[in-house]
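K.L.:
Before I ask anything, here is the structure I am working with.
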Amino acid sequence: EPEVTQTPSHQVTQMGQEVILRCVPISNHLYFYWYRQILGQKVEFLVSFYNNEISEKSEIFDDQFSVERPDGSNFTLKIRSTKLEDSAMYFCASSARTRIPQHFGDGTRLSIL
Amino acid sequence: GNSVTQMEGPVTLSEEAFLTINCTYTATGYPSLFWYVQYPGEGLQLLLKATKADDKGSNKGFEATYRKETTSFHLEKGSVQVSDSAVYFCALSIRSNDYKLSFGAGTTVTVRA
Chain H
7 EPEVTQTPSH QVTQMGQEVI LRCVPISNHL YFYWYRQILG QKVEFLVSFY NNEISEKSEI
67 FDDQFSVERP DGSNFTLKIR STKLEDSAMY FCASSARTRI PQHFGDGTRL SIL
Chain L
53 GNSVTQMEGP VTLSEEAFLT INCTYTATGY PSLFWYVQYP GEGLQLLLKA TKADDKGSNK
113 GFEATYRKET TSFHLEKGSV QVSDSAVYFC ALSIRSNDYK LSFGAGTTVT VRA
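Structure below.
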């Protein structure tokens with residue numbers, strides 16, 4: 007069965023550094039998403055992306071965050087200058103034209119020191 | 053706004069016991085409802101879904117019925133196994149909110165042999 011794949015599985019970064027989280031969505035999917043889960047808290051929506059544009063973003067997704075689909079397969083989340091509070095599990099998801107359901111990757115655990 | 057309230061855990065059961073995890077929702081409109089499961093060390097996997105009132109989602113012996121009158125989507129399994137130990141998340145998505153998922157807090161279930 008097709009899968010969403012995320013790399014790396016764990017990223018450790020110094021505060022203030024830039025980090026790029028990578029995702030390969032399911033190949034025929036059209037809608038792409040990032041969510042995050044801070045330890046002990048709910049899974050939160052960050053951003054959705056369609057047709058090479060952000061379609062919706064949450065309040066969390068400020069100017070430090072950006073997303074890109076640099077080629078036909080990858081979907082990336084960049085955090086420009088990381089803060090301690092960016093430490094979380096970041097999940098990528100994708101969905102087909104029908105929009106539901108969303109299929110998730112295994113996540114990237116981001117640790118900011 | 054849209055939100056999901058889920059039974060708090062952790063829940064510890066013996067093998068072959070009956071499992072219920074309560075989930076209620078608040079939504080402006082007609083959401084689709086989901087249960088996702090996260091096994092230890094893995095990502096979020098779709099367990100089951102229901103897209104309209106009175107639909108029953110089922111998978112791997114788990115069931116949940118979309119109850120519009122009580123705004124609920126409780127997860128049940130008649131006889132749990134050790135391999136069902138995981139974190140279970142109730143979630144909703146709705147067209148008017150660009151289908152982004154709103155998650156409950158998650159319920160940790162541990163099944164003992």
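As given, the protein sequences belong to chains H and L, one line each in that order. 7 is the number of the first residue of the first sequence in the numbering used here; add one for each residue after it. 53 is the number of the first residue of the second sequence in the numbering used here; add one for each residue after it. C-beta atoms are modelled at their ideal positions from N, C-alpha and C, and glycine is treated no differently. A quick note: this is a predicted structure, and the numbers were derived from the prediction, not measured.
Are the Cβ atoms of Ala99/H and Leu36/H separated by less than 8 Å?
P.N.:
No; because the gap between Cβ atoms is not below 8 Å, this pair is not in contact.
K.L.:
Check this for me: beta carbons of Thr159/L and Thr123/L, under 8 Å apart or not?
P.N.:
No, the Cβ-Cβ distance between Thr159/L and Thr123/L is not below 8 Å.
K.L.:
Looking at Tyr39/H: is its Cβ nearer than 8 Å to the Cβ of Val49/H?
P.N.:
Taking 8 Å as the Cβ cut-off, Tyr39/H and Val49/H do not qualify as a contacting pair.
K.L.:
Are the CB atoms of Pro8/H and Leu98/L within a distance shorter than 8 Å?
P.N.:
In this structure, Pro8/H does not lie closer than 8 Å to Leu98/L by Cβ.
K.L.:
Please go through the same chain and pick out, in chain order, the residues whose beta-carbon is closer than 6 Å to the beta-carbon of Met95/H, but skip the five residues on each side of it.
P.N.:
Excluding positions up to five away in sequence, the list reads Gln43, Gly113 and Arg115.
K.L.:
Alpha carbons only, please: which of Ile73/L, Ala69/L and Glu68/L is nearest the one belonging to Glu60/L?
P.N.:
Comparing Cα positions, the closest option is Ile73/L.
K.L.:
For the segment 148-159 of chain L, list every residue whose C-beta sits within 9 Å of some C-beta in chain H, in sequence order.
P.N.:
Cβ contacts with chain H: Asn149, Asp150, Tyr151, Lys152, Leu153, Ser154, Phe155, Gly156, Ala157 and Gly158.
K.L.:
For Ser55/L, is the classification buried or exposed, using 16 other Cβ atoms within 10 angstroms of its Cβ as the cut-off for buried?
P.N.:
With fewer than 16 other Cβ atoms within 10 Å, it is exposed.
K.L.:
Taking Cβ-Cβ distances shorter than 7 Å, what residues in chain L pair up with Phe51/H?
P.N.:
Chain L residues near Phe51/H: Lys152 and Leu153.
K.L.:
Compare the C-beta of Arg115/H against all C-beta atoms of chain L and say whether one is closer than 8 Å.
P.N.:
Output row for Arg115/H: interface = no.
K.L.:
Quick check: the Cα distance between Ser93/H and Gly46/H, rounded to an integer number of angstroms?
P.N.:
Approximately 12 Å between the Cα atoms of the pair.
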